[in-house]
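Okay, structure first, notes after.
Next up, the structure:
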(Lines of atoms letter the chains of each structure in order from A; the text may use other names.)
(Lines give C-alpha, C1' and ligand atoms only; values in the text may rest on other atoms or scores of the structure.)
Protein backbone atom coordinates (compact mmCIF):
# COMPACT_ATOMS: atom_id res chain seq x y z
CA UNK A 1 0.00 0.00 0.00
CA UNK A 2 3.00 2.33 0.24
CA UNK A 3 2.85 3.21 -3.46
CA UNK A 4 -0.94 3.20 -3.78
CA UNK A 5 -1.40 6.97 -3.84
CA UNK A 6 1.29 7.28 -6.49
CA UNK A 7 -0.24 4.42 -8.46
CA UNK A 8 -3.72 5.90 -8.46
CA UNK A 9 -2.40 9.26 -9.64
CA UNK A 10 -0.22 7.79 -12.35
CA UNK A 11 -2.91 5.49 -13.72
CA UNK A 12 -6.26 7.24 -13.26
CA UNK A 13 -9.41 5.13 -13.45
CA UNK A 14 -11.18 5.20 -16.81
CA UNK A 15 -14.94 5.70 -16.89
CA UNK A 16 -16.04 2.39 -18.35
CA UNK A 17 -19.03 0.64 -16.83
CA UNK A 18 -20.79 -2.64 -17.41
CA UNK A 19 -24.07 -2.64 -19.31
CA UNK A 20 -26.29 -2.40 -16.19
CA UNK A 21 -24.26 0.51 -14.84
CA UNK A 22 -24.36 2.26 -18.20
CA UNK A 23 -28.16 2.12 -18.07
CA UNK A 24 -28.10 3.75 -14.63
CA UNK A 25 -25.88 6.59 -15.85
CA UNK A 26 -27.94 7.05 -19.02
CA UNK A 27 -31.09 7.19 -16.92
CA UNK A 28 -29.54 9.83 -14.69
CA UNK A 29 -28.76 11.98 -17.72
CA UNK A 30 -32.51 11.88 -18.49
CA UNK A 31 -33.38 12.85 -14.94
CA UNK A 32 -34.22 9.32 -13.74
CA UNK A 33 -33.08 8.71 -10.15
CA UNK A 34 -33.72 5.18 -8.90
CA UNK A 35 -35.30 4.46 -5.52
CA UNK A 36 -33.59 1.97 -3.22
CA UNK A 37 -35.44 -0.37 -0.86
CA UNK A 38 -34.26 -2.10 2.32
CA UNK A 39 -35.47 -5.06 4.32
CA UNK A 40 -36.58 -4.79 7.93
CA UNK A 41 -33.05 -5.81 8.92
CA UNK A 42 -31.22 -3.32 6.71
CA UNK A 43 -30.39 -5.43 3.64
CA UNK A 44 -30.74 -4.39 0.01
CA UNK A 45 -33.86 -5.80 -1.65
CA UNK A 46 -35.72 -5.43 -4.92
CA UNK A 47 -36.58 -3.41 -6.85
CA UNK A 48 -33.16 -1.97 -7.73
CA UNK A 49 -31.19 -3.89 -5.07
CA UNK A 50 -29.29 -5.92 -7.67
CA UNK A 51 -28.85 -2.82 -9.85
CA UNK A 52 -27.25 -0.85 -7.02
CA UNK A 53 -24.95 -3.76 -6.17
CA UNK A 54 -23.75 -4.02 -9.78
CA UNK A 55 -23.29 -0.25 -9.94
CA UNK A 56 -21.16 -0.22 -6.78
CA UNK A 57 -19.06 -3.07 -8.19
CA UNK A 58 -18.39 -1.10 -11.37
CA UNK A 59 -17.50 2.02 -9.38
CA UNK A 60 -15.06 0.27 -7.06
CA UNK A 61 -13.31 -1.40 -10.01
CA UNK A 62 -12.98 2.03 -11.62
CA UNK A 63 -11.70 3.90 -8.58
CA UNK A 64 -9.66 1.43 -6.49
CA UNK A 65 -6.50 -0.41 -7.67
CA UNK A 66 -6.56 -4.21 -7.51
CA UNK A 67 -3.33 -4.01 -5.48
CA UNK A 68 -5.31 -2.61 -2.55
CA UNK A 69 -5.10 -5.12 0.32
CA UNK A 70 -6.40 -2.95 3.17
CA UNK A 71 -9.83 -1.46 2.54
CA UNK A 72 -9.53 0.63 5.74
CA UNK A 73 -6.43 2.47 4.50
CA UNK A 74 -6.98 6.23 4.84
CA UNK A 75 -5.34 6.82 1.47
CA UNK A 76 -8.53 5.45 -0.08
CA UNK A 77 -10.79 8.08 1.53
CA UNK A 78 -10.79 10.34 -1.52
CA UNK A 79 -11.73 7.48 -3.83
CA UNK A 80 -14.41 6.29 -1.41
CA UNK A 81 -15.88 9.79 -1.38
CA UNK A 82 -16.09 9.72 -5.18
CA UNK A 83 -17.86 6.36 -5.05
CA UNK A 84 -20.42 7.58 -2.52
CA UNK A 85 -21.00 10.82 -4.42
CA UNK A 86 -21.66 8.91 -7.64
CA UNK A 87 -24.09 6.57 -5.85
CA UNK A 88 -26.10 9.51 -4.51
CA UNK A 89 -26.27 11.08 -7.97
CA UNK A 90 -27.98 8.01 -9.40
CA UNK A 91 -30.01 6.62 -6.48
CA UNK A 92 -32.34 8.01 -3.82
CA UNK A 93 -30.42 6.81 -0.79
CA UNK A 94 -30.11 8.07 2.79
CA UNK A 95 -26.78 9.25 4.22
CA UNK A 96 -27.07 6.64 6.97
CA UNK A 97 -26.67 3.90 4.33
CA UNK A 98 -23.15 4.99 3.46
CA UNK A 99 -21.54 2.50 5.85
CA UNK A 100 -23.40 -0.40 4.27
CA UNK A 101 -22.48 0.70 0.74
CA UNK A 102 -18.80 1.11 1.60
CA UNK A 103 -18.66 -2.34 3.21
CA UNK A 104 -20.34 -3.76 0.14
CA UNK A 105 -17.80 -1.99 -2.09
CA UNK A 106 -14.93 -3.56 -0.14
CA UNK A 107 -16.52 -6.98 -0.41
CA UNK A 108 -17.01 -6.59 -4.18
CA UNK A 109 -13.39 -5.49 -4.63
CA UNK A 110 -12.16 -8.60 -2.79
CA UNK A 111 -14.41 -10.72 -4.97
CA UNK A 112 -13.00 -9.09 -8.11
CA UNK A 113 -9.41 -9.82 -7.03
CA UNK A 114 -10.32 -13.44 -6.28
CA UNK A 115 -11.97 -13.75 -9.68
CA UNK A 116 -8.90 -12.38 -11.50
CA UNK A 117 -6.58 -14.71 -9.62
CA UNK A 118 -8.70 -17.84 -10.13
CA UNK A 119 -9.60 -17.12 -13.75
CA UNK A 120 -6.28 -15.95 -15.17
CA UNK A 121 -3.45 -16.81 -12.76
CA UNK A 122 -4.19 -20.48 -11.98
CA UNK A 123 -4.41 -23.65 -14.01
CA UNK A 124 -6.86 -26.50 -13.46
CA UNK A 125 -4.70 -27.89 -10.63
CA UNK A 126 -4.44 -24.55 -8.85
CA UNK A 127 -0.84 -23.87 -9.87
CA UNK A 128 0.28 -20.31 -10.62
CA UNK A 129 0.26 -19.16 -14.26
CA UNK A 130 2.20 -16.09 -15.41
CA UNK A 131 -0.58 -14.69 -17.61
CA UNK A 132 -0.70 -11.46 -19.55
CA UNK A 133 -3.12 -8.69 -18.65
CA UNK A 134 -6.55 -9.68 -20.04
CA UNK A 135 -7.58 -7.32 -22.84
CA UNK A 136 -11.07 -7.16 -21.38
CA UNK A 137 -9.72 -5.27 -18.36
CA UNK A 138 -7.09 -3.07 -20.00
CA UNK A 139 -9.31 -0.02 -19.46
CA UNK A 140 -9.49 -0.76 -15.72
CA UNK A 141 -6.05 -2.17 -14.89
CA UNK A 142 -2.70 -0.73 -15.93
CA UNK A 143 0.23 -2.95 -16.88
CA UNK A 144 2.11 -1.86 -13.75
CA UNK A 145 -0.87 -2.74 -11.56
CA UNK A 146 -1.13 -6.17 -13.15
CA UNK A 147 2.52 -6.98 -12.59
CA UNK A 148 2.28 -5.87 -8.95
CA UNK A 149 -0.85 -7.97 -8.54
CA UNK A 150 0.85 -11.07 -9.96
CA UNK A 151 3.87 -10.51 -7.73
CA UNK A 152 1.70 -10.48 -4.61
CA UNK A 153 -0.02 -13.69 -5.71
CA UNK A 154 3.40 -15.40 -5.89
CA UNK A 155 4.40 -14.32 -2.38
CA UNK A 156 4.94 -17.42 -0.14
CA UNK A 157 2.88 -15.97 2.73
CA UNK A 158 -0.03 -15.27 0.41
CA UNK A 159 0.29 -18.73 -1.11
CA UNK A 160 -0.01 -20.42 2.31
CA UNK A 161 -3.09 -18.37 3.28
CA UNK A 162 -4.64 -18.99 -0.12
CA UNK A 163 -4.08 -22.74 0.13
CA UNK A 164 -5.70 -22.88 3.58
CA UNK A 165 -8.74 -20.94 2.45
CA UNK A 166 -9.04 -22.96 -0.75
CA UNK A 167 -9.01 -26.23 1.15
CA UNK A 168 -11.63 -24.99 3.61
CA UNK A 169 -13.95 -23.83 0.82
CA UNK A 170 -13.43 -26.83 -1.46
CA UNK A 171 -15.87 -29.18 0.27
CA UNK A 172 -18.40 -27.36 2.47
CA UNK A 173 -20.70 -29.58 4.50
CA UNK A 174 -23.76 -27.49 3.61
CA UNK A 175 -23.07 -25.64 0.33
CA UNK A 176 -25.00 -22.49 -0.56
CA UNK A 177 -27.11 -23.14 -3.68
CA UNK A 178 -28.70 -19.81 -4.58
CA UNK A 179 -25.93 -18.38 -6.74
CA UNK A 180 -25.71 -14.58 -6.59
CA UNK A 181 -29.02 -14.19 -4.76
CA UNK A 182 -28.14 -12.96 -1.28
CA UNK A 183 -30.03 -13.72 1.90
CA UNK A 184 -31.85 -10.38 1.80
CA UNK A 185 -33.43 -10.92 -1.63
CA UNK A 186 -34.01 -14.60 -0.84
CA UNK A 187 -35.98 -13.64 2.27
CA UNK A 188 -37.96 -11.09 0.25
CA UNK A 189 -38.93 -13.67 -2.39
CA UNK A 190 -39.96 -16.20 0.28
CA UNK A 191 -42.21 -13.70 2.06
CA UNK A 192 -43.79 -12.63 -1.23
CA UNK A 193 -44.36 -16.22 -2.32
CA UNK A 194 -46.03 -17.10 0.98
CA UNK A 195 -47.97 -13.79 1.03
CA UNK A 196 -46.87 -13.46 4.64
CA UNK A 197 -47.54 -10.41 6.80
CA UNK A 198 -44.22 -10.95 8.61
CA UNK A 199 -41.27 -8.70 7.84
CA UNK A 200 -38.49 -11.25 8.49
CA UNK A 201 -37.89 -14.98 8.83
CA UNK A 202 -35.91 -16.98 11.42
CA UNK A 203 -32.27 -17.53 10.49
CA UNK A 204 -32.56 -21.33 10.33
CA UNK A 205 -35.52 -21.09 7.91
CA UNK A 206 -33.46 -18.91 5.55
CA UNK A 207 -30.41 -21.13 6.00
CA UNK A 208 -32.36 -24.22 4.95
CA UNK A 209 -33.93 -22.53 1.90
CA UNK A 210 -30.51 -21.22 0.79
CA UNK A 211 -29.31 -24.83 0.54
CA UNK A 212 -32.12 -26.13 -1.63
CA UNK A 213 -31.02 -26.67 -5.23
CA UNK A 214 -32.96 -26.77 -8.49
CA UNK A 215 -34.58 -30.06 -7.54
CA UNK A 216 -36.43 -28.28 -4.74
CA UNK A 217 -35.58 -31.03 -2.26
CA UNK A 218 -33.14 -30.27 0.60
CA UNK A 219 -30.45 -32.78 1.49
CA UNK A 220 -30.98 -35.05 4.46
CA UNK A 221 -28.13 -33.40 6.39
CA UNK A 222 -29.72 -29.97 5.89
CA UNK A 223 -33.10 -31.24 7.10
CA UNK A 224 -31.46 -32.73 10.18
CA UNK A 225 -29.97 -29.33 11.12
CA UNK A 226 -33.29 -27.60 10.44
CA UNK A 227 -35.24 -30.02 12.64
CA UNK A 228 -32.72 -29.56 15.42
CA UNK A 229 -33.18 -25.79 15.16
CA UNK A 230 -36.95 -26.23 15.44
CA UNK A 231 -36.51 -28.25 18.63
CA UNK A 232 -34.09 -25.71 20.11
CA UNK A 233 -36.43 -22.83 19.32
CA UNK A 234 -39.03 -24.39 21.63
CA UNK A 235 -36.65 -24.87 24.56
CA UNK A 236 -34.20 -21.95 24.51
CA UNK A 237 -34.90 -18.66 26.22
CA UNK A 238 -34.96 -15.46 24.09
CA UNK A 239 -32.12 -14.10 26.26
CA UNK A 240 -29.64 -16.74 25.06
CA UNK A 241 -26.83 -14.91 23.28
CA UNK A 242 -25.76 -17.82 21.07
CA UNK A 243 -27.98 -18.26 18.03
CA UNK A 244 -30.10 -21.34 17.48
CA UNK A 245 -28.43 -22.10 14.14
CA UNK A 246 -24.92 -21.93 15.62
CA UNK A 247 -25.99 -24.32 18.39
CA UNK A 248 -27.47 -26.77 15.90
CA UNK A 249 -24.33 -26.66 13.74
CA UNK A 250 -22.13 -26.79 16.86
CA UNK A 251 -19.94 -23.94 15.62
CA UNK A 252 -18.80 -20.76 17.39
CA UNK A 253 -20.42 -17.36 16.90
CA UNK A 254 -18.36 -14.69 15.14
CA UNK A 255 -18.51 -11.07 16.22
CA UNK A 256 -20.11 -8.68 13.78
CA UNK A 257 -22.23 -11.23 11.93
CA UNK A 258 -25.44 -13.21 12.31
CA UNK A 259 -25.29 -16.74 10.96
CA UNK A 260 -28.02 -17.48 8.43
CA UNK A 261 -28.86 -13.81 7.77
CA UNK A 262 -26.22 -12.83 5.23
CA UNK A 263 -24.32 -9.64 4.47
CA UNK A 264 -25.34 -6.44 6.23
CA UNK A 265 -26.95 -7.93 9.34
CA UNK A 266 -25.07 -7.63 12.64
CA UNK A 267 -26.09 -8.57 16.20
CA UNK A 268 -26.37 -4.86 17.03
CA UNK A 269 -28.49 -3.92 14.02
CA UNK A 270 -30.67 -6.98 14.53
CA UNK A 271 -31.45 -6.04 18.14
CA UNK A 272 -32.15 -2.41 17.15
CA UNK A 273 -34.52 -3.47 14.39
CA UNK A 274 -36.36 -5.81 16.74
CA UNK A 275 -36.86 -3.00 19.22
CA UNK A 276 -37.94 -0.34 16.74
CA UNK A 277 -39.83 -1.97 13.91
CA UNK A 278 -43.18 -3.64 14.72
CA UNK A 279 -44.43 -6.38 12.44
CA UNK A 280 -47.15 -5.83 9.87
CA UNK A 281 -49.54 -7.76 12.10
CA UNK A 282 -48.86 -5.42 15.03
CA UNK A 283 -49.29 -2.36 12.84
CA UNK A 284 -52.57 -3.74 11.52
CA UNK A 285 -53.85 -4.30 15.06
CA UNK A 286 -52.90 -0.74 16.04
CA UNK A 287 -54.67 0.68 13.00
CA UNK A 288 -57.82 -1.29 13.81
CA UNK A 289 -57.81 0.00 17.40
CA UNK A 290 -57.34 3.58 16.21
CA UNK A 291 -60.14 3.17 13.67
CA UNK A 292 -62.48 1.88 16.39
CA UNK A 293 -61.70 4.91 18.55
CA UNK A 294 -62.33 7.27 15.64
CA UNK A 295 -65.66 5.60 14.87
CA UNK A 296 -66.75 5.94 18.51
CA UNK A 297 -65.79 9.62 18.56
CA UNK A 298 -67.64 10.20 15.29
CA UNK A 299 -70.83 8.60 16.62
CA UNK A 300 -70.58 10.62 19.82
CA UNK A 301 -70.08 13.84 17.85
CA UNK A 302 -73.04 13.13 15.57
CA UNK A 303 -75.31 12.39 18.53
CA UNK A 304 -74.21 15.59 20.27
CA UNK A 305 -74.63 17.62 17.10
CA UNK A 306 -78.17 16.37 16.47
CA UNK A 307 -79.17 17.35 20.02
CA UNK A 308 -77.73 20.84 19.66
CA UNK A 309 -79.35 21.36 16.29
CA UNK A 310 -82.74 20.16 17.56
CA UNK A 311 -82.55 22.47 20.58
CA UNK A 312 -81.57 25.40 18.38
CA UNK A 313 -84.46 24.74 16.02
CA UNK A 314 -86.99 24.57 18.89
CA UNK A 315 -85.77 27.79 20.50
CA UNK A 316 -85.49 29.95 17.41
CA UNK A 317 -88.36 28.47 15.36
CA UNK A 318 -85.87 27.63 12.62
CA UNK A 319 -86.55 25.20 9.82
CA UNK A 320 -83.02 23.78 9.40
CA UNK A 321 -81.90 20.54 7.79
CA UNK A 322 -78.35 19.21 7.65
CA UNK A 323 -77.80 17.58 4.29
CA UNK A 324 -74.89 15.38 3.23
CA UNK A 325 -74.88 17.16 -0.15
CA UNK A 326 -75.46 20.91 -0.26
CA UNK A 327 -77.98 21.78 -3.03
CA UNK A 328 -76.51 23.46 -6.09
CA UNK A 329 -77.02 27.18 -6.36
CA UNK A 330 -77.51 29.73 -3.57
CA UNK A 331 -79.33 28.63 -0.41
CA UNK A 332 -80.10 30.14 3.00
CA UNK A 333 -78.06 28.49 5.71
CA UNK A 334 -76.93 28.54 9.30
CA UNK A 335 -73.24 28.50 10.15
CA UNK A 336 -71.95 26.30 12.95
CA UNK A 337 -68.67 25.74 14.77
CA UNK A 338 -67.68 22.51 16.52
CA UNK A 339 -65.07 23.79 18.98
CA UNK A 340 -65.17 23.95 21.94
CA UNK A 341 -68.77 22.68 21.45
CA UNK A 342 -71.31 22.61 18.66
CA UNK A 343 -73.34 25.80 18.35
CA UNK A 344 -74.73 28.17 15.74
CA UNK A 345 -72.61 31.30 15.30
CA UNK A 346 -74.19 32.97 12.28
CA UNK A 347 -76.58 32.94 9.33
CA UNK A 348 -76.10 33.62 5.66
CA UNK A 349 -76.15 32.06 2.23
CA UNK A 350 -74.12 29.18 0.86
CA UNK A 351 -72.97 29.54 -2.76
CA UNK A 352 -72.61 26.01 -4.12
CA UNK A 353 -71.72 27.01 -7.66
CA UNK A 354 -69.29 25.15 -9.91
CA UNK A 355 -65.97 26.93 -10.40
CA UNK A 356 -66.69 29.57 -7.78
CA UNK A 357 -63.66 31.37 -6.35
CA UNK A 358 -63.13 33.21 -3.10
CA UNK A 359 -61.32 36.50 -3.66
CA UNK A 360 -59.79 35.10 -6.89
CA UNK A 361 -58.48 32.05 -5.00
CA UNK A 362 -59.61 28.44 -4.90
CA UNK A 363 -61.56 27.39 -1.83
CA UNK A 364 -59.86 25.22 0.81
CA UNK A 365 -60.61 21.51 0.55
CA UNK A 366 -63.95 20.56 2.10
CA UNK A 367 -65.26 24.15 2.13
CA UNK A 368 -67.90 26.19 0.32
CA UNK A 369 -68.25 29.92 -0.28
CA UNK A 370 -70.59 31.57 2.24
CA UNK A 371 -71.90 35.13 2.59
CA UNK A 372 -72.37 36.08 6.25
CA UNK A 373 -75.62 38.03 6.81
CA UNK A 374 -76.16 37.79 10.58
CA UNK A 375 -73.71 37.22 13.43
CA UNK A 376 -75.26 35.24 16.30
CA UNK A 377 -72.03 34.85 18.29
CA UNK A 378 -70.13 38.07 17.70
CA UNK A 379 -66.66 36.97 18.78
CA UNK A 380 -66.73 33.49 17.25
CA UNK A 381 -63.52 32.98 15.26
CA UNK A 382 -63.80 32.31 11.55
CA UNK A 383 -62.69 28.76 10.64
CA UNK A 384 -60.75 30.14 7.63
CA UNK A 385 -59.88 33.85 8.02
CA UNK A 386 -59.42 35.60 4.68
CA UNK A 387 -55.99 36.90 3.68
CA UNK A 388 -57.69 39.71 1.74
CA UNK A 389 -59.51 41.27 4.70
CA UNK A 390 -58.94 41.96 8.37
CA UNK A 391 -61.98 39.92 9.43
CA UNK A 392 -61.17 37.23 11.98
CA UNK A 393 -64.57 36.88 13.70
CA UNK A 394 -68.10 36.23 12.46
CA UNK A 395 -69.15 39.77 13.42
CA UNK A 396 -66.32 41.30 11.36
CA UNK A 397 -67.26 39.11 8.38
CA UNK A 398 -70.90 40.31 8.18
CA UNK A 399 -71.61 41.47 4.62
CA UNK A 400 -68.61 39.64 3.13
CA UNK A 401 -67.74 36.23 1.73
CA UNK A 402 -65.76 33.60 3.65
CA UNK A 403 -64.89 29.91 3.34
CA UNK A 404 -66.85 27.59 5.63
CA UNK A 405 -66.50 23.80 6.18
CA UNK A 406 -69.30 21.93 4.41
CA UNK A 407 -70.02 19.70 7.41
CA UNK A 408 -70.72 22.80 9.54
CA UNK A 409 -73.27 24.34 7.17
CA UNK A 410 -76.97 23.80 7.91
CA UNK A 411 -79.12 24.49 4.84
CA UNK A 412 -82.36 26.50 5.23
CA UNK A 413 -83.64 29.01 7.81
CA UNK A 414 -86.52 31.42 8.27
CA UNK A 415 -85.63 35.03 8.97
CA UNK A 416 -87.67 36.11 12.03
CA UNK A 417 -89.78 39.25 11.46
CA UNK A 418 -90.08 40.16 15.13
CA UNK A 419 -88.23 39.20 18.26
CA UNK A 420 -90.18 38.00 21.25
CA UNK A 421 -88.14 40.13 23.63
CA UNK A 422 -85.56 42.84 23.46
CA UNK A 423 -82.99 40.56 25.01
CA UNK A 424 -83.31 38.11 22.13
CA UNK A 425 -83.35 40.73 19.41
CA UNK A 426 -80.48 40.73 16.95
CA UNK A 427 -78.69 44.09 17.03
CA UNK A 428 -78.83 46.01 13.77
CA UNK A 429 -75.07 46.29 13.56
CA UNK A 430 -74.75 42.49 13.35
CA UNK A 431 -76.88 42.26 10.20
CA UNK A 432 -75.72 42.77 6.64
CA UNK A 433 -77.47 45.11 4.21
CA UNK A 434 -78.86 42.07 2.40
CA UNK A 435 -80.61 40.67 5.49
CA UNK A 436 -82.10 44.07 6.38
CA UNK A 437 -83.56 44.32 2.89
CA UNK A 438 -85.09 40.86 3.29
CA UNK A 439 -86.74 41.92 6.56
CA UNK A 440 -88.18 45.02 4.91
CA UNK A 441 -89.57 42.97 2.01
CA UNK A 442 -91.15 40.51 4.44
CA UNK A 443 -92.80 43.36 6.38
CA UNK A 444 -94.23 44.86 3.15
CA UNK A 445 -95.56 41.48 2.07
CA UNK A 446 -97.22 40.88 5.43
CA UNK A 447 -98.86 44.36 5.37
CA UNK A 448 -100.23 43.80 1.86
CA UNK A 449 -101.69 40.46 2.86
CA UNK A 450 -103.47 42.00 5.82
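In the UniProt record's numbering, the protein residues as written are 1 to 450.
Beta carbons are placed, not taken as given, at the ideal position from N, Cα and C, and that holds for glycine.
Quick caveat, the model's predicted, so the values are computed rather than measured.
*asked:* Could you tell me the alpha carbon to alpha carbon distance between residue 397 and residue 380, rounded to whole angstroms?
replied: 11 Å
*How far does the beta strand (DSSP E) with residue 411 in it reach, from first residue to last?*
409-411
_Buried or exposed for residue 54, going by 16 or more other Cβ atoms inside 10 Å?_
buried
*asked:* Classify residue 172: buried if its beta carbon has 16 or more other beta carbons within 10 angstroms, exposed otherwise.
replied: exposed
_Taking the alpha helix (DSSP H) that residue 203 belongs to, which residues open and close that run?_
203-209
_Which of helix, strand or coil DSSP assigns to residue 284_ = helix
*Is the CB-CB distance between residue 187 and residue 339 below 8 Å?*
no
*Given residue 141, which residues of its chain have a CB within under 7 Å of its CB, disregarding the five upstream and five downstream residues?*
66, 133
*Is the beta carbon of residue 351 sitting closer than 8 Å to the one on residue 330?*
yes
*Can you tell which of 145, 105, 170, 104 has the C-alpha that lies nearest to the C-alpha of residue 116?*
145
*Thinking just about the alpha-carbon of each residue, which of 84, 93, 119 is nearest to the one in residue 106?*
84
_Can you tell me where the alpha helix (DSSP H) holding residue 487 begins and where it ends?_
The first residue shown for the chain is 1 and the last is 450, placing residue 487 beyond what the model contains.
*My guess is that residue 346 and residue 335 are in contact by the Cβ rule of under 8 Å, so how many angstroms apart are they, rounded?*
4 Å
*Excluding the 5 residues preceding and the 5 following residue 102 in the sequence, name in chain order all residues of the same chain whose CB lies nearer than 8 Å to its CB.*
80, 83, 84
_Length at least 4, wholly inside the region 94-176: the alpha helix (DSSP H) runs in chain order_ = 98-120, 143-153, 156-170
_Neighbour-count burial assignment, residue 317, 16 or more Cβ in a 10 Å radius_ = For residue 317, the predicted structure reports a pLDDT of 40, less than 50, and the residue's modelled location is therefore unreliable. The matter cannot be settled from this model.
*Does the distance from the C-beta atom of residue 91 to that of residue 59 stay below 8 Å?*
no
*Could you tell me which of 376, 406, 363, 408 sits nearest to residue 386, measuring between CA atoms?*
363
*Which same chain residues, not among the five before or five after residue 356, have their C-beta less than 7 Å away from its C-beta?*
369
*Return the chain-ordered list of same chain residues with a C-beta closer than 7 Å to the C-beta of residue 260, the five sequence neighbours on each side being excluded.*
203, 204, 206, 207, 245
*asked:* Three or more C-beta pairs under 8 Å: does that hold for the region 219-226 against the region 163-179?
replied: yes
*asked:* Along the chain, where does the alpha helix (DSSP H) containing residue 223 start, and where does it finish?
replied: 220-235
*CA-CA distance, residue 354 and residue 372?*
20 Å
*asked:* Using only the alpha-carbon positions, how far apart do residue 400 and residue 333 sit?
replied: 15 Å
*When we look at the beta-carbon of residue 93 and count the other beta-carbons within 10 Å, is it buried (16 or more) or exposed?*
buried
*In the DSSP assignment, find the unbroken alpha helix (DSSP H) run with residue 248 in it and report its ends.*
244-249
*If you follow the alpha helix (DSSP H) that residue 90 is part of, which residue opens it and which one closes it?*
77-90
*DSSP beta-bridge partners for residue 381?*
393
_Can you tell me whether residue 388 is helix, strand or coil according to DSSP?_
coil
*Measure the CB-CB distance between residue 392 and residue 408 and report whether it falls below 8 Å.*
no
*asked:* Let me make sure I understand the geometry here. Which of 209, 184, 129 has the alpha-carbon closest to that of residue 42?
replied: 184
*Residue span of the beta strand (DSSP E) that contains residue 347, given as start and end*: 343-352
*Start and end of the beta strand (DSSP E) containing residue 331?*
329-337
*Less than 8 Å separating the beta-carbons of residue 121 and residue 153?*
yes
*Measure the alpha-carbon distance for residue 110 versus residue 30 and round it to whole angstroms.*
33 Å
*In this structure, what does DSSP give as the bridge partners for residue 183?*
DSSP, once it has assigned bridges, lists no residue as partnering residue 183.
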